[in-house]
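One structure is given here, and the rest of the page talks about it.
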Amino acid sequence: MKKVMVFGTFDIFHSGHRHFLQQARKFGDYLIVVVARDQTVLRLKKKKSLNNEVKRKKQIMQSGLADKVILGSLNDKYAVIKKYRPEMICLGYDQKFFAENLQSNLREIGIASVKIKRMRAYKPEIYKSSKLRKNF
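So the sequence shown is numbered by this note's numbering: it starts at 20 and just counts up by one.
See the structure below:
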């Protein structure tokens with residue numbers, strides 16, 4: 020079974036997120052979605068998400084696009100990668116946090132075999148959480 024892992028905030032779950040998860044799913048048999056913790060979102064984006072981590076996780080679970088939906092670790096951002104050992108990590112087209120130095124960091128923790136692939140955008144002029152957030 021080939022496991023694929025994705026990471027994100029997934030605030031205001033929209034068609035762009037759906038497209039991202041559908042793209043990622045094509046690279047394996049089992050899709051694991053890691054939802055950013057509220058504390059992590061606040062630390063990295065300097066603002067709270069509109070929906071809390073429990074609601075964001077639930078929205079993805081209800082979409083039926085993921086085989087497993089989990090919350091990220093508060094202490095070690097690589098803990099879920101170490102635990103689930105995916106063959107591939109798919110990144111969103113605009114994902115900056117976490118993506119920087121990802122391959123070298125994976126090598127340092129002994130899981131260099133993980134492939135990293137960046138997904139294509141889906142109508143980013145419409146479906147981007149920061150743009151949709153303005154309507155709330």
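In this text, a Cβ means the ideal position worked out from N, Cα and C, and glycines have one as well.
For residue i and residue j, which I take to be in contact (beta-carbon distance under 8 Å), what is that distance rounded to the nearest angstrom?
i: Tyr103; j: Met20; result: Incorrect: roughly 11 Å between the Cβ atoms, too far for contact.
i: Lys101; j: Ile79; result: Between Ile79 and Lys101 the Cβ distance is about 22 Å, and since that is not below 8 Å, they are no contact.
Is the distance from the Cβ of residue i to the Cβ of residue j below 8 Å?
i: Phe29; j: Arg62; result: no
i: Val52; j: Ala85; result: yes
i: Lys96; j: Phe117; result: yes
i: Gly27; j: Gly111; result: yes
i: Lys136; j: Cys109; result: yes
Going along the chain, which residues of its own chain have a beta-carbon closer than 6 Å to the beta-carbon of residue i, five neighbours each way excluded?
i: Asp48; result: Met20, Lys21
i: Asn70; result: Asp30
i: His36; result: Phe29
i: Gln42; result: Met138
i: Arg44; result: Leu50
i: Val88; result: Val52, Lys76, Ile79, Met80
i: Ile128; result: Tyr97
i: Leu125; result: Ala131, Val133
By Cβ distance, which residues of its chain are closer than 8 Å to residue i, with the 5 residues on each side in sequence left out?
i: Leu156; result: No answer is possible for residue 156: it lies beyond the span of the chain, which begins at 20 and ends at 155.
i: Arg152; result: Annotation note: pLDDT 46 at Arg152 (below 50); position unreliable, coordinate value reported separately. Correct list, in chain order: Asp30, Ile31, Leu69.
i: Phe155; result: With a pLDDT of 47 at Phe155, under the threshold of 50, the modelled position of this residue cannot be trusted; read the value that follows with caution. These residues qualify, in order along the chain: Ile31, Leu69.
i: Glu106; result: Lys21, Lys22, Val23, Gly47, Ser132, Val133, Lys134
Name the DSSP beta bridge partners of residue i, please?
i: Val54; result: Gly27, Leu90
i: Ile135; result: Ile108
i: Tyr49; result: Lys22
Apart from the five residues on each side of it in sequence, which residues of its chain come closer than 7 Å, Cβ to Cβ, to residue i?
i: Glu157; result: Residue numbering for the chain in the displayed model covers 20 to 155; residue 157 lies beyond these limits and cannot be assessed.
Flag residue i as yes when its Cβ comes closer than 7 Å to any non-hydrogen atom of the ligand MG, and as no otherwise.
i: Asn124; result: Among the components of this structure there are no ligands whatsoever, and the ligand MG is therefore not found.
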